[in-house]
Amino acid sequence: MRRRFLVPAVLALSLLIVGVVYRRQLVAWFTGATVTGGSESAVTKTTIGTLTISATLAPDPPRQAGNTLRLAVSTADGTPVAGAKVSMGWVMPAMGSMAEMRGAATISEEDGGRYLARFDLPMTGSWTLEVKLESAMGTGSARYTMTVGSSGLTAKGGSLQNGPSGKSTDTVREPMLPPQQFPPEVLAHVRNAFESYERVRVALAADQIAGVAVPARELAKSIAVAKQKLPGVPSEVTDCIDQSASAAERLATANDLDTARLAFGEISRLLIALAAADPRLQQGWHVFRCPMTAGFKKWFQRTDTKANPYMGASMPTCGSTSTWGSAAEDGAASASHEGHGHAGADVAFHTCSMHPAVKQDGPGKCPICSMDLTPVTYEETESGVIFVDEARRKDIGIATSKVIRASMTRAIRAVGRLTYDETRLEDVTLKLGGYITKLNVETTGQVVTKGQTLFTLYSPELYAAQQEYLLAKTSQVSALGSGAPGRSDYLVVGAEKKLRLWGLTSGQIDSVAKRGEPIENVPFASPASGYVIEKAVVEGASVMAGQRLFRIAALDRVWVEADLYESDLPLIKKGQSAIVSLSYMPAKTFDGKVAFVYPYMNKASRTGQVRIELPNRGLELKPDMYANVDFKIELGPRLQVPISAVVYTGPRRLVFVDVGEGRLRPQVVTLGVRTDEQVEILDGLGEGQLVVTSGNFLVAAESRIRSSAKFWSAEESGAKPGSGR
C-alpha cells in the first residue's frame with residue numbers, strides 16, 4: 245500500500261522540479277515567444293566628450309518583444325547626469341526588396357542618472373539602436389547593435405554634437421519646425437525674448453559674464469509666458485520652447501564665459517528654429533555664422549555689423565551672413581574665413597575637378613583618378629566666383645548677353661471646341677397631347693424658316709376647345725338682339741384665349757370663326773429659322789403635353805470654348821483678342837474676342853474655360869469641331885534675360901553674372917512670366933548686367949566644385965517665393 249502511493253508522489257515531485265527549472269522554456273513553448281537566456285547583458289560603455297553612457301540589455305539574449313535598454317549617464321568623474329532628454333530608436337536598413345524598418349522606444353527616467361528604454365521589434369534579426377541625449381553637459385549620440393536570440397550588446401561608437409569639450413564631430417543644426425502663425429500675444433512675448441537675447445549677445449561679444457544673468461532670466465520668463473498662451477500646436481514646437489527656457493536658465497547660472505557661450509549657442513539654435521517657422525520673427529534681425537566655434541555656429545543680432553558672441557573681443561568680425569533655415573554646412577571646405585586675416589585670393593583647399601568630394605590642404609594627386617588637384621580660393625568658396633579666361637571661353641562656347649528691360653508678349657495656345665450659340669437655340673414643345681397626322685420636317689439637319697409648318701396635330705382636347713369657341717361666337721350673335729348684347733362677349737374672349745395658349749395663331753383662330761367649324765388637323769409652325777439639330781417624333785406618333793419634339797439652332801454665329809491652365813487664366817480678360825484656326829483649314833484663321841471667362845474650373849482636368857464668339861459665314865465652322873486658339877498678351881516693359889541663361893538647381897534658379905576680368909559669379913534670381921525665348925527677372929539682377937547664356941552647364945559644374953554649398957545644397961535655400969518657376 246505504501247509503495248502504491250510512493251511512486252505517484254515521486255513522479256509529481258520530479259515534474260514540479262522540471263517545471264521550475266525549465267519554466268521560461270516551457271512558457272516560451274506554449275506562448276510562441278523566443279526562448280531567452282540570462283536576465284541582463286554585460287555593461288557596455290561609450291564615451292562622448294565628457295560624458296559616459298553605460299548600457300545593458302535585458303533580457304539577454306534579446307527577444308522580439310519586451311526588451312529594455314538600461315542607460316546610466318555620468319560625467320568623467322562619475323557624477324550622474326540627471327534631467328537629460330534621452331531618446332532611443334531602432335532601425336534595420338533596407339535589404340533587397342524589403343524597405344527600411346524604423347521605430348522608437350518608450351523612455352522613462354530613474355534616480356541617479358539612469359534611464360530605461362522599453363521597446364518591441366517587428367521581427368527577428370540584427371538591429372541598430374540609436375541613442376540621443378541632450379543635457380547641460382552637452383548633446384551627443386551613441387549607437388549599438390544587437391541580434392534577437394543572440395547574447396550581447398555591441399557598442400558602435402558615439403559623437404558629441406555640442407559640449408564643453410569644444411570638440412564637434414557632427415554639424416549642429418537648428419530643428420526643422422512646421423510653418424507657424426503664432427497668435428499676436430505669443431508673437432509679442434517671443435519678440436521680447438529676442439530683445440533679451442540681444443542683450444546677452446552684446447555682453448558675450450564684449451567678453452562680459454556679469455551682464456548675462458538678468459537678460460537670460462528675462463528671456464526664460466518671456467518664453468515661458470509665450471508657451472502658456474499657445475493654442476494646440478505640434479509637439480515639436482512646444483518641445484523647442486521648453487528647451488529654450490531650460491537653456492536660458494542654464495545661461496543665467498553660468499559662472500564662466502565658456503559655459504555661458506555653450507548655453508547661448510543652444511538658445512540660438514532653438515530661437516532661430518522658431519523664427520524659421522514664423523518668418524514675422526525675422527523682421528529687423530540679421531543672421532551670421534562662425535565656422536570656428538564649437539557646437540552651434542549661428543547667431544542673430546540687430547545690426548548688420550558682426551559682433552561675434554562666440555569669439556568675443558579676440559575675433560569680433562569672424563563669420564559670414566547666413567540663413568534662418570536649417571543649413572547643410574560643409575565644414576572646412578565651405579567655412580567662411582572672413583575676419584581671420586585671409587585674403588580672398590588665398591588657397592582654401594585643393595580638389596579634383598572629376599571628384600569634388602576630394603578636398604586636401606595641399607597640392608597632390610586625386611586618390612581616385614590620379615589627376616592633379618586644383619587650388620580653390622577663399623573667395624571662390626564664399627561667393628562661387630570662378631575665373632574663365634577669354635581663350636577658354638571660346639573653347640567651351642561661353643556666350644553672354646545683357647539684362648534688358650523691354651516689352652514682353654506672352655503667347656498662349658489653347659485647345660478649343662466649337663459649340664452652338666446657346667442664345668440662338670429654340671425648342672418646339674406642345675402644351676397639350678395629341679397625334680401627329682403629318683410630319684413636314686422628317687430629318688435631322690433640315691433647314692427650316694420661321695413660320696414654316698413643321699407638322700399637323702390632331703388633338704381631341706384642341707378640337708373640343710375650337711367647338712367651345714364656335715358656340716361662344718354663336719351665343720354672342722344671339723345676344724345682340726337681346727336686352728344684354730354684351731353678355732356673351734366674355735365667353736368668346738375666354739375661349740379665344742384658351743386656343744392661343746394651346747398654340748393656335750390669330751390667323752388660325754380667325755379661320756375657325758370664318759369656316760364655322762373646327763380644324764381637325766391643326767398645323768404648327770417653326771418658332772425660328774435655323775437647322776433641326778434634334779428630332780424626337782415621327783409621323784403618327786402620340787405626343788404628350790410638355791414633350792420636346794424638335795430643337796432648332798441658328799448657325800450664323802458659333803461659340804468657341806477654349807480650355808486654359810490655371811497659371812494662364814489670370815492673363816485672359818474679357819475683350820482679349822484671340823486667333824482661332826482649324827486643322828482642316830490650315831491657311832485660314834478667324835479673329836475673335838473673349839466674350840466670357842467662366843467663373844469655375846473643370847475638376848478633372850484642372851482647367852478653366854473662356855468663350856469666344858465667331859460669325860459663321862458659309863457654315864465653315866461646325867459645332868463639335870476642335871480648334872486651336874492663340875492669345876497674344878502684351879505685358880509691357882519687363883526686366884528679362886534669355887531662358888538659356890537660367891540654371892535650375894533644385895529649389896533655386898541661378899544665373900552667372902560676368903563681373904569683369906574673366907570672373908563669373910552665381911546669382912540667385914526670382915523668375916516671373918516667361919515667353920518662348922525670354923524670362924522675366926523679378927529679383928536678383930539689374931538692367932545692363934552681363935549674364936552667361938551659353939555654356940552654362942560647364943560653368944555650373946566648375947562653380948559647384950569650387951563654391952560653398954549655399955548655392956547647390958537642397959537643404960539651404962536662398963530662393964525667394966516665386967523663384968521655383
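Per our numbering, the very first residue in the sequence shown carries number 245; after that it's consecutive.
Glycine residues also receive a C-beta, built at the ideal position from the N, C-alpha and C atoms.
Which listed residue (the options) has its alpha carbon closest to that of residue i
i: leucine 515; options: Tyr892, Gln545, Leu793 and Met845; result: Gln545
i: valine 873; options: Thr323, Gly760 and Val838; result: Val838
i: serine 385; options: Ile925, Gly760, Ser298 and Val458; result: Ser298
i: valine 392; options: Ala309, Ser651 and Ile680; result: Ala309
i: phenylalanine 768; options: Gln696, Asp807 and Leu813; result: Gln696
i: arginine 909; options: Val632, Thr687 and Ile763; result: Val632
i: arginine 494; options: Leu474, Val841, Leu463 and Pro475; result: Leu463
i: valine 736; options: Pro523, Glu354, Thr718 and Asn765; result: Thr718
i: alanine 643; options: Leu301, Ala286, Leu474 and Val943; result: Val943
i: methionine 923; options: Asn940, Gly906 and Val885; result: Note that residue 923 corresponds to valine in the displayed sequence, not to methionine. Taking only the C-alpha atoms, the option nearest valine 923 is Val885.
i: valine 691; options: Tyr388, Leu748, Leu745 and Ala798; result: Ala798
i: glycine 862; options: Lys646, Asp800 and Leu518; result: Asp800
i: valine 325; options: Ser379, Ser750 and Tyr702; result: Ser379
i: arginine 882; options: Ala399, Ile292, Ile925 and Asp920; result: Ile925
i: aspartate 355; options: Gly369, Ala348, Phe941 and Ala316; result: Ala316
i: isoleucine 680; options: Gly930, Leu662, Leu701 and Gly369; result: Leu701
i: arginine 759; options: Leu714, Gly774, Asp733 and Ala723; result: Leu714
Residues of its chain near residue i, where Cβ-Cβ distance is below 8 Å and the 5 sequence neighbours each way are ignored
i: glycine 281; result: Here glycine 281 scores only 44 on pLDDT, less than 50, and its place in the model should not be relied on; the value that follows carries that caveat. If we look at glycine 281 and ignore the five residues flanking it on each side, its Cβ neighbours are Pro303, Asp304, Pro305 and Ser395.
i: histidine 594; result: Lys603, Gln604, Asp605, Gly606, Pro607, Gly608, Leu617, Thr618, Pro619 and Val620
i: phenylalanine 840; result: Lys818, Val854 and Arg855
i: leucine 808; result: Ile656, Ala658, Ile816, Thr851, Gly852, Gln853 and Val854
i: serine 827; result: Tyr870 and Asn872
Enclosing beta strand (DSSP E) for residue i [first to last residue]
i: arginine 792; result: 792–797
i: asparagine 192; result: Residue coverage of the chain in this structure runs from 245 to 969, which leaves residue 192 outside it and unanswerable.
i: lysine 985; result: Absent from the structure is residue 985, since the part of the chain shown begins at 245 and ends at 969.
i: arginine 654; result: 648–664
i: lysine 832; result: 829–846
i: glutamine 527; result: Element bounds for glutamine 527: n/a, residue is neither H nor E.
i: glycine 738; result: That residue, glycine 738, is in no beta strand (DSSP E); its alpha helix (DSSP H) goes 733–745.
i: alanine 457; result: Note, alanine 457: premise wrong, no beta strand (DSSP E); alpha helix (DSSP H) at 457–472.
Buried versus exposed, by CB contacts within 10 Å (16 or more), residue i
i: glutamate 582; result: Note that glutamate 582 scores a pLDDT of 45, beneath 50, so its modelled location is shaky; the value from the coordinates is reported in the next line. It counts as buried.
i: leucine 448; result: buried
i: asparagine 552; result: buried
i: valine 659; result: exposed
i: methionine 555; result: buried
i: lysine 550; result: buried
i: valine 674; result: Here residue 674 is leucine; the residue named in the question, valine, does not match the sequence. Answer is buried; the Cβ neighbour count reaches 16.
i: alanine 492; result: buried
i: proline 965; result: Its pLDDT being 39, under 50, proline 965 is placed unreliably by the model, and the measurement read from it follows with that caveat. Proline 965 comes out exposed.
i: glycine 382; result: buried
i: asparagine 311; result: buried
i: valine 481; result: buried
i: glutamate 740; result: buried
i: isoleucine 640; result: exposed
i: glycine 751; result: exposed
i: aspartate 812; result: buried
Proximal residues to residue i (C-beta, below 6 Å), its chain only, five neighbours per side dropped
i: histidine 433; result: Ser466, Val469 and Ala470
i: serine 888; result: Thr937
i: aspartate 190; result: No information on residue 190 is available, as it lies outside the stretch 245 to 969 that the chain covers here.
i: aspartate 671; result: Arg792 and Arg795
Residue interval of the alpha helix (DSSP H) (run including residue i)
i: lysine 485; result: According to the sequence as given, residue 485 is isoleucine; it is not lysine. 479–496 is the extent of the alpha helix (DSSP H) around isoleucine 485.
i: glutamate 712; result: 704–723
i: serine 750; result: 750–759
i: phenylalanine 508; result: 501–521
i: alanine 871; result: Not the alpha helix (DSSP H): alanine 871 falls in the beta strand (DSSP E), residues 870–886.
i: arginine 533; result: Element bounds for arginine 533: not the alpha helix (DSSP H) but the beta strand (DSSP E), 530–533.
Same chain, Cβ closer than 7 Å to residue i, five either side skipped, listed in chain order
i: arginine 235; result: Not covered by the structure: residue 235. The range shown for the chain is 245 to 969.
i: glycine 880; result: Ser651
i: glutamate 442; result: Gln545 and Arg546
i: threonine 833; result: Ile823, Val824 and Ser825
i: leucine 706; result: Leu676, Gly678, Trp746 and Val766
Residue i at chain E interface by Cβ criterion, 8 Å
i: threonine 914; result: Judged by its chain identifiers, the structure shown contains no chain E, having just a single protein chain.
Cβ-heavy atom distance, residue i to the ligand SAM, below 7 Å
i: isoleucine 640; result: As presented, the structure is devoid of all ligands, the ligand SAM included, so that no description of it is given.
Would you call the stretch 843–863 and the stretch 888–900 touching, i.e. three or more CB-CB distances under 8 Å?
no
Closer than 8 Å is the cut-off here; do at least three beta carbon pairs connect the stretch 367–376 with the stretch 328–338?
yes
Kindly confirm or deny that the stretch 906–926 and the stretch 605–618 touch, where touching means at least three C-beta pairs closer than 8 Å.
no
At a cut of 8 Å, does the stretch 814–821 reach the stretch 700–719 through at least three beta carbon pairs?
no
Check whether the stretch 751–768 touches the stretch 633–641, taking contact to mean three or more Cβ pairs, one atom from each stretch, closer than 8 Å.
no
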